[in-house]
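Mapped onto full-length UniProt numbering, the consecutive letters of the sequence shown carry residue numbers 1 to 257.
Positions of the beta carbon are idealized from the N, C-alpha and C atoms, including for glycine.
None of these values were measured; they are calculated from a predicted model.
Let me begin by presenting the structure, written as structure tokens, before commenting on it.
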Amino acid sequence: MSTPSSRPRGSRTDDLLALTEPARALVSAGALAAGLPLLRLAPRGDGHPVVVLPGWLASDASTGTLRRWLTRLGHPTAGWDLGRNQGPRPEVVDGIRALVQRLADEHGTAVSIVGQSLGGIYARRLAERSPHLVRQVISLGSPLAAVAPRRRGAAGDGMYREYRRLRAVRQVRPARALPMPSTSVYSRWDGVVDWRTCLQEEGPRSENVAVHASHLGMGVDPAVLWIVADRLAQPPGAWRPFQRPARFGLRALFPAG
């Protein structure tokens, strides 16, 4: 488990992070190719079903690498199959719940949900409303805690304008912990959302885990894939906070916080 500390974020830093997002995402993709042999050592769980939700304006194509990885780990894995993510419309909210309900019925067990960016917010909303369907939530770069609008917004604020109108607050406050295990993966080098908005209250079954990834690169970053595998491998009723792996130099992939 990591305890984040503050890092100053001025407009120049925000702009630089935003401008370098695509390039840094490519770096993560390259690191994934180089790190595949080590990723084969990642933990494996009981093969329960997993749903993966894409970020804002993205589709299932953006989560292809992550879903293939989870399938390789033995998890029946489904994308959301709702086209491009254009916001929390009623058909989207209902469609996600129907998908999770179907998988839970087919496999006779609750479903874990991995949500990238805005997809993580959808995952948490469903977990709050239908906790019996959700085993665990893992959010990747998801702005769980809204920030009050500023004169000069952080890069990417417009992408979350609709959500922030609903839950804008004056200060950044960690999101409330969920009733089931939840992990929020965040990066201080996120060029789309302020990393502080990705934090949740930490507790016996909730945590924040830091990575070096860009926002766009989280779905292909080897550290993120390891975290997802490790979290999904936690036995029901015996969840433990994430511990940075020490073998084979893997610890270097995970900042302290």
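With a 10 Å radius around the Cβ and a threshold of 16 neighbouring Cβ atoms, residue 129 comes out exposed. Restricting attention to 222, 136, 75 and 83, the CA atom closest to the CA of residue 62 is found in 83. The continuous stretches of beta strand (DSSP E) do not include residue 61, and DSSP gives it neither H nor E. A straight line joining the alpha-carbon of residue 234 with that of residue 112 spans about 11 Å. Here the C-alpha atom of residue 24 lies approximately 7 Å from the C-alpha atom of residue 217. A Cβ-Cβ contact shorter than 8 Å links residue 114 with residue 228. Take the alpha-carbon of residue 59 and the one of residue 202: they are about 30 Å apart.
For residue 224, the enclosing alpha helix (DSSP H) covers residues 222-232.
In terms of Cβ geometry, residue 42 and residue 230 form a close pair [threshold 8 Å].
In this model, residue 143 and residue 173 are separated by some 11 Å (Cα to Cα). Looking at the DSSP output, residue 140 sits in a beta bridge with 116 and 185.
Separation of residue 189 and residue 255 (C-alpha to C-alpha, rounded to the nearest whole angstrom) is 11 Å.
In the displayed model, residue 172 falls within coil according to three-state DSSP, outside both helix and strand.
In this chain, the alpha helix (DSSP H) harbouring residue 91 covers 90-107.
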